[in-house]
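Q: Can you keep this structure in mind? I'll have questions shortly.
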Amino acid sequence: FPVENIRNFSIIAHVDHGKSTLADRLLELTGAIDKTKNNKQVLDKLQVERERGITVKAQTASLFYNYEGKQYLLNLIDTPGHVDFSYEVSRSLSACQGVLLVVDANEGIQAQTVANFFLAFEAQLSIIPVINKIDLKNADPERVEKQIEKVFDIPGDECIKISAKLGTNVESVLDAVIKRIPLYAGQVGYLIAGMKDVTEAQIGDTLYLHKQPVEPLPGFKSAKPMVFAGMYPVDQSEYNNLKSAIEKLTLNDSSVVVHRDSSLALGAGWRLGFLGLLHMEVFNQRLEQEYNASVILTTPTVPYKAVLSSAKLMKEYREKEITIINPAQFPDKSKVTEYLEPVVLGTIITPDEYTGKIMMLCQARRAVQKNMMYIDQNRVMLKYLFPLNEIVVDFYDSLKSLSSGYASFDYEDAGYQTAELVKMDILLNGSIVEELVTVVHKDKAYSVGKAICERLKDSLPRQLFEIAIQAALGSKIIARETVKAYRKNVLAKCYGGDITRKMKLLKRQAEGKKKLRKVGNVEVPKDAFIKVLKTQ
Ligand code: GTP
Numbered sequence: 047f048p049v050e051n052i053r054n055f056s057i058i059a060h061v062d063h064g065k066s067t068l069a070d071r072l073l074e075l076t077g078a079i080d081k082t083k084n085n086k087q088v089l090d091k092l093q094v095e096r097e098r099g100i101t102v103k104a105q106t107a108s109l110f111y112n113y114e115g116k117q118y119l120l121n122l123i124d125t126p127g128h129v130d131f132s133y134e135v136s137r138s139l140s141a142c143q144g145v146l147l148v149v150d151a152n153e154g155i156q157a158q159t160v161a162n163f164f165l166a167f168e169a170q171l172s173i174i175p176v177i178n179k180i181d182l183k184n185a186d187p188e189r190v191e192k193q194i195e196k197v198f199d200i201p202g203d204e205c206i207k208i209s210a211k212l213g214t215n216v217e218s219v220l221d222a223v224i225k226r227i228p229l230y231a232g233q234v235g236y237l238i239a240g241m242k243d244v245t246e247a248q249i250g251d252t253l254y255l256h257k258q259p260v261e262p263l264p265g266f267k268s269a270k271p272m273v274f275a276g277m278y279p280v281d282q283s284e285y286n287n288l289k290s291a292i293e294k295l296t297l298n299d300s301s302v303v304v305h306r307d308s309s310l311a312l313g314a315g316w317r318l319g320f321l322g323l324l325h326m327e328v329f330n331q332r333l334e335q336e337y338n339a340s341v342i343l344t345t346p347t348v349p350y351k352a353v354l355s356s357a358k359l360m361k362e363y364r365e366k367e368i369t370i371i372n373p374a375q376f377p378d379k380s381k382v383t384e385y386l387e388p389v390v391l392g393t394i395i396t397p398d399e400y401t402g403k404i405m406m407l408c409q410a411r412r413a414v415q416k417n418m419m420y421i422d423q424n425r426v427m428l429k430y431l432f433p434l435n436e437i438v439v440d441f442y443d444s445l446k447s448l449s450s451g452y453a454s455f456d457y458e459d460a461g462y463q464t465a466e467l468v469k470m471d472i473l474l475n476g477s478i479v480e481e482l483v484t485v486v487h488k489d490k491a492y493s494v495g496k497a498i499c500e501r502l503k504d505s506l507p508r509q510l511f512e513i514a515i516q517a518a519l520g521s522k523i524i525a526r527e528t529v530k531a532y533r534k535n536v537l538a539k540c541y542g543g544d545i546t547r548k549m550k551l552l553k554r555q556a557e558g559k560k561k562l563r564k565v566g567n568v569e570v571p572k573d574a575f576i577k578v579l580k581t582q
């Protein structure tokens, strides 16, 4: 193909604004797939993608299109919309010269529309705004056109209004791809190399002929894990199966960081680093669906840092700053000049009636407001600097529920800030439960400690003596719950004689005990740990 007849482009959008549906129509229109009623998200191949209706891995397709008597080759790269997968978006974009920025005609610009626009803008690509879903009853394409003018400074008359579902005006999109995206060399292809391990080649590497070295392309920053969680097999006999499943899946997704780990209660396992919470859930779901593995995933934590206080310590740790991905390794205050926590710059877009409530939520999460702007008469865009830890678990759900689902949220890495972090121990009758050690911000210690004690109280069975459950900062107790004593007599239900029945019950009780862990004099069933440690 002559260079002037090739276009490399991507489709970017907020989740559910119709990227994959538009890709289906483009594939049909160019004859790459047949027109049938069953073409739904053809490029979303993974089971998890189909079930959740989201795109996780970028996919590519080459299309041939005749325009004004010439044949063109259009290389389309479908990209994921969710923030956790933005590294896939930025890699895809570096292979493109243009993007279709799809915006829902009813919902308008959302947080990920903004994030994805800036990825494309920074990569200096031609941006074609496409307003989709004009068939919807509540569609207001003119309003969305004005938002696009205001927020992105793109003239409204450049917007193409379509319905990807019905196929309305989709040809104009292809025509714009040809007319508005620059004339650029480049082909999608593949290469067979004699490498034994895929990790030998990184995405973004430059290949050249051995005898003709070239200046390498800048490559990509490696994806940085933002969330760490422990992963254990439900049954230790499954350890090896799970190990091989994790190995296979990380070959396919090299952004997951894997360290071996072990817990007294849960046995041998791993500490895994993910790009975000959705990434973690998707990884877990793929393990279960594609590898039939059943796992226990512990509550996620963020990578904190500690700046060491003396040259001796720096020598001992071989670093000035240590990253703490496991609360058990949290260094004592005497060794540290300051602790640091990761922060992110969050974008929230919401109808203005919810602004007050959202500001209160952000404040409660220790966030600092950076900016506020009306994107049209009654929609507001807020920018906040958040400690990552405050949004990792349930921020998104709280935001959605207090805005009746209307607010959208996205965030980008913003480095680290000083934080007053403390290590919190959980005690059972005075003995520390090692697997429940957590690192919390000083201001949150009380509420987090109380919540863990309450959850533990609900999941610990009564024993022959009273159990005190306490949360402590050093020697200071900050929360307490009590489990009352109870005598469980397994033979109580056997009236008199049947000796085989009695033996069976005693045996069952003995088997139950194997799954217990002793903390001091308290027996804790594995289930209780799972209930406290697991993501909600
Ligand atoms: P992610 O891959 O998760 O980022 O989503 P997406 O942007 O690819 O969205 P997708 O194509 O999966 O569409 C989301 C929903 O919107 C689906 O239920 C589509 O049927 C619907 N949809 C897409 N385009 C249109 C349209 O033009 N009109 C209407 N009414 N619905 C549409």
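Per mature numbering (1 follows the signal peptide of the UniProt record, and there is no 0), numbering through the sequence shown is continuous, rising by one, with the last residue being 582.
Just so it is clear, CB atoms sit at the ideal spot from N, CA and C, and this is done for glycine as well.
1. What residue ranges within the stretch 430 to 504 form continuous alpha helix (DSSP H) runs of no fewer than 4 residues, ordered along the chain?
2. Below 8 angstroms on the Cβ atoms is my guess for Lys116 versus Asn215; work out the distance and round it to an integer in Å.
3. According to DSSP, what are the bridge partners of His305?
4. Check this for me: beta carbons of Ile177 and Ile224, under 9 angstroms apart or not?
5. For the beta strand (DSSP E) containing Gly402, name the first residue and the last one.
6. Is it right to say residue 585 is buried, meaning 16 or more other beta carbons lie within 10 angstroms of its own, or is it exposed?
7. Roughly how many whole angstroms lie between the Cα atoms of Gln582 and Thr345?
8. Please identify the residue among Tyr111, Leu386 and Ser136 whose C-alpha is closest to the C-alpha of Ile123.
9. Excluding the 5 residues preceding and the 5 following Thr159 in the sequence, name in chain order all residues of the same chain whose CB lies nearer than 6 angstroms to its CB.
10. What are the residues that DSSP puts in a beta bridge with Asn178?
11. Can at least three beta-carbon pairs, one atom from the stretch 375 to 384 and one from the stretch 420 to 432, be found at a separation below 8 angstroms?
12. Where Ile472 and Gln423 are concerned, what is the direct C-alpha to C-alpha distance, given to the nearest angstrom?
13. From this set, Ile174, Glu327, Lys257 and Glu500, which residue's C-alpha is nearest Asp221's C-alpha?
14. Which same chain residues end up closer than 8 angstroms to Lys530 when comparing Cβ atoms and leaving out the 5 residues on each side of it in sequence?
15. Does the beta carbon of Asn184 fall short of 8 angstroms from some heavy atom of the ligand GTP?
16. Under 8 angstroms: does the beta carbon of Ser477 sit that close to some heavy atom of the ligand GTP?
17. Keeping to the same chain, check which residues put their C-beta closer than 6 angstroms to that of Met419; ignore five residues upstream and five downstream.
18. On the criterion of 16 or more Cβ atoms from any shown chain inside 10 Å, does Gln193 qualify as buried, or is it exposed?
19. Looking only at its own chain, which residues have a Cβ that is under 7 angstroms from the Cβ of Ala491, when we skip the five neighbours before and after it?
20. Mind checking who Glu569 pairs with in its DSSP beta bridge?
21. Can you tell me the Cα-Cα spacing of Lys416 and Lys289, whole angstroms?
22. Under 8 angstroms: does the beta carbon of Gly495 sit that close to some heavy atom of the ligand GTP?
23. According to DSSP, which residues form a beta bridge with Arg526?
24. Which two residues bound the contiguous beta strand (DSSP E) that contains Leu343?
25. Consider the C-beta atom of Ser136 and the heavy atoms of the ligand GTP; say whether any pair is separated by less than 8 angstroms.
26. Can you give the beta carbon distance from Phe325 to Arg317, rounded, assuming they're within the 8 angstroms contact cut?
27. Where do the N-terminal and C-terminal ends of the beta strand (DSSP E) with Phe274 fall, by residue?
28. Out of Thr369, Thr396, Leu359 and Pro373, state which residue places its alpha-carbon closest to the alpha-carbon of Lys381.
29. Give the straight-line distance between the Cα atoms of Gln156 and Ile395, rounded to the nearest whole angstrom.
30. Does the contact criterion of 3 or more C-beta pairs under 8 angstroms hold for the stretch 361 to 374 versus the stretch 447 to 457?
31. Within 10 Å of its beta-carbon, does Ile100 have 16 or more other beta-carbons around it, so buried, or fewer, so exposed?
32. Just the Cα atoms here: how many angstroms apart are Cys408 and Leu73?
33. At a threshold of 8 angstroms, does Ile208 count as lining the ligand GTP (C-beta to nearest heavy atom)?
34. Can you tell me whether DSSP reads Thr252 as helix, strand or coil?
35. If you draw a straight line from the C-alpha of Ala210 to the C-alpha of Lys179, how long is it?
36. Report the residue from Glu293, Ser300 and Ser308 whose alpha carbon sits nearest the alpha carbon of Gly276.
A: Answer, in terms of the structure:
1. 434 to 438 and 441 to 448
2. Going by Cβ atoms, the distance from Lys116 to Asn215 rounds to 22 angstroms, so no, they are not a contact pair.
3. Arg317
4. no
5. Where Gly402 is concerned, there is no enclosing beta strand (DSSP E), although the alpha helix (DSSP H) it sits in stretches over Thr401 to Ala410.
6. The first residue shown for the chain is 47 and the last is 582, placing residue 585 beyond what the model contains.
7. Residue placement at Gln582 is flagged as unreliable, the pLDDT there being 45, under the threshold of 50; the coordinate-derived value follows with that caveat. Each residue's Cα considered, the two are about 8 angstroms apart.
8. Ser136
9. Within the same chain, His60 and Val149 come within 6 angstroms of Thr159 by CB-CB distance, once the 5 residues on both sides are set aside.
10. Asp150
11. no
12. 50 angstroms
13. Ile174
14. Arg508 and Glu512
15. Within the chosen limit of 8 angstroms, the ligand GTP does not reach the beta carbon of Asn184 with any heavy atom.
16. no
17. Sequence-distant Cβ neighbours of Met419 in its own chain, meaning closer than 6 angstroms and more than five residues away, are Met427.
18. Using a 10 angstroms sphere on the CB of Gln193, the tally of other CB atoms reaches 16 or more, which defines it as buried.
19. Scanning its chain for C-beta atoms nearer than 7 angstroms, with the 5 sequence neighbours on each side dropped, one finds around Ala491 the residues Val468, Met470, Leu519 and Ile524, in chain order.
20. Lys564
21. 44 angstroms
22. Not under cutoff, so the answer is no.
23. In the DSSP secondary-structure assignment, Arg526 is bridged to Gln516.
24. Per DSSP, Leu343 is one residue of the beta strand (DSSP E) stretching across Val341 to Leu343.
25. no
26. Note on identity: in this sequence residue 325 is His, with Phe being the wrong assignment. The Cβ separation is near 15 angstroms, so there is no contact.
27. Val273 to Pro279
28. Leu359
29. 6 angstroms
30. no
31. With a pLDDT of 46 at Ile100, under the threshold of 50, the modelled position of that residue is not reliable, and no figure is offered here.
32. Approximately 43 angstroms, taken between the alpha carbons.
33. The answer is yes for Ile208.
34. coil
35. 7 angstroms
36. Ser308
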